[in-house]
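Below: one structure, written as structure tokens.
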Amino acid sequence: VIPEIRATCIEEAGNWMKTYPDGFLNDSYLKYFGWMLYDKQAEVRLKCLLGLQGIYGTKELVSRMDLFTSRFKDRIVSMPLDKDHEVAVQAMKLLMLMSQNCENVLSAEDCETLYQFVYATHRPLAAAAGEFLYKRLLSHEGDEEVKPKGGGKFGASTDQLKRLICFFLESEIHKHVAYLIDSLWDWAGKFLKDWECMTTLLLKNTEEDGEALSDTQESVLIEIILATVREAAEGHPPVGRGAAKKVSAF
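The opening residue of the sequence shown carries number 1 in UniProt numbering; numbering runs sequentially from there.
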């Protein structure tokens with residue numbers, strides 16, 4: 001069967017499963033989605049991922065996906081490395097939906113692997129990974145209600161900045177702060193533009209509380225401040241990051 005027909009069939013199958021789940025959303029039909037994730041043609045893989053997004057993005061349908069998820073999760077986790085850039089981006093977006101709607105489906109190891117795509121040179125993939133990182137690691141439920149300590153006024157932003165600094169240091173890719181900030185910009189703009197909070201955290205007196213930053217953390221925070229100011233002023237990705245046809249991961 002020619003690729004165009006395979007792509008059209010898998011696209012329509014996804015529509016049927018979402019519209020008529022009682023008749024079509026079962027393992028007899030889902031197996032074809034699993035097989036098409038390995039298709040040689042990028043367009044077929046892409047239509048497959050988009051169809052799965054429609055299913056995993058609907059909470060009422062996710063409970064029917066347990067067997068499929070257990071069989072094909074590892075394949076989906078590997079697909080942000082796909083040679084086709086749009087397939088890679090849509091795989092990351094699918095994983096975001098799976099993370100949100102399927103409890104504990106992604107292991108800590110899976111997440112650590114996916115976080116590193118914030119350093120990808122292909123910006124759409126990096127931005128999708130930025131959403132994943134922000135929602136999984138940096139933005140915790142109730143952050144907006146975090147009360148500042150010591151009479152300050154930067155509760156949530158301070159906590160998020162500290163998480164970001166820790167992530168950067170643990171990832172050990174210490175020359176790519178600009179890439180990290182650019183990946184997060186669309187999702188974490190609120191606290192990444194909170195320069196008053198950043199400078200307050202940088203200048204915090206150790207005597208006031210025991211949470212002052214280490215010298216290494218201070219250096220990273222200074223790099224973050226410089227990168228966020230540059231991103232806000234210039235409004236374009238850092239040198240070396242663009243929308244290349246093929247994915248260069250990290």
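Here a beta-carbon is modelled for each residue, glycine too, at the ideal position from N, C-alpha and C.
Closest by C-alpha distance to residue i, when choosing among the options
i, options, result
"ALA120", "TRP16, PRO80, MET17, GLU234", "PRO80"
"VAL220", "LEU161, CYS197, THR200, ALA232", "LEU161"
"LYS18", "ARG6, LEU213, GLY57", "GLY57"
"GLU231", "TYR179, GLY242, LEU213", "TYR179"
"PRO3", "GLY23, TYR38, PHE24", "TYR38"
"ILE173", "MET96, GLU43, TYR115", "TYR115"
"GLN41", "ASN26, PHE33, ALA7", "ALA7"
"SER157", "ASP194, HIS122, LYS175", "ASP194"
Alpha-carbon to alpha-carbon, residue j and residue i
i, j, result
"GLY54", "VAL177", "34 angstroms"
"ASP159", "ASN15", "42 angstroms"
"ARG64", "LYS47", "20 angstroms"
"PRO237", "ASP182", "6 angstroms"
"LEU25", "LEU61", "8 angstroms"
"ALA126", "PRO21", "33 angstroms"
Backbone secondary structure at residue i - three-state DSSP
i, result
"ARG230", "helix"
"HIS236", "coil"
"HIS122", "strand"
"GLY150", "Only weak support exists for where GLY150 lies, its pLDDT of 44 falling under 50; the coordinates are left without a value."
"GLY57", "coil"
Exposure of residue i, with buried meaning 16 or more beta-carbon neighbours within 10 Å
i, result
"CYS166", "exposed"
"ILE224", "buried"
With a threshold of 8 angstroms, are at least 3 pairs of Cβ atoms found where one atom belongs to the stretch 81-88 and the other to the stretch 64-73?
With the rule of 3 Cβ pairs closer than 8 angstroms, the stretch 81-88 does not count as touching the stretch 64-73.
Check whether the stretch 86-98 and the stretch 122-131 are in contact - that is, three or more C-beta pairs closer than 8 angstroms.
Yes: the two stretches touch, three or more of their Cβ pairs being nearer than 8 angstroms.
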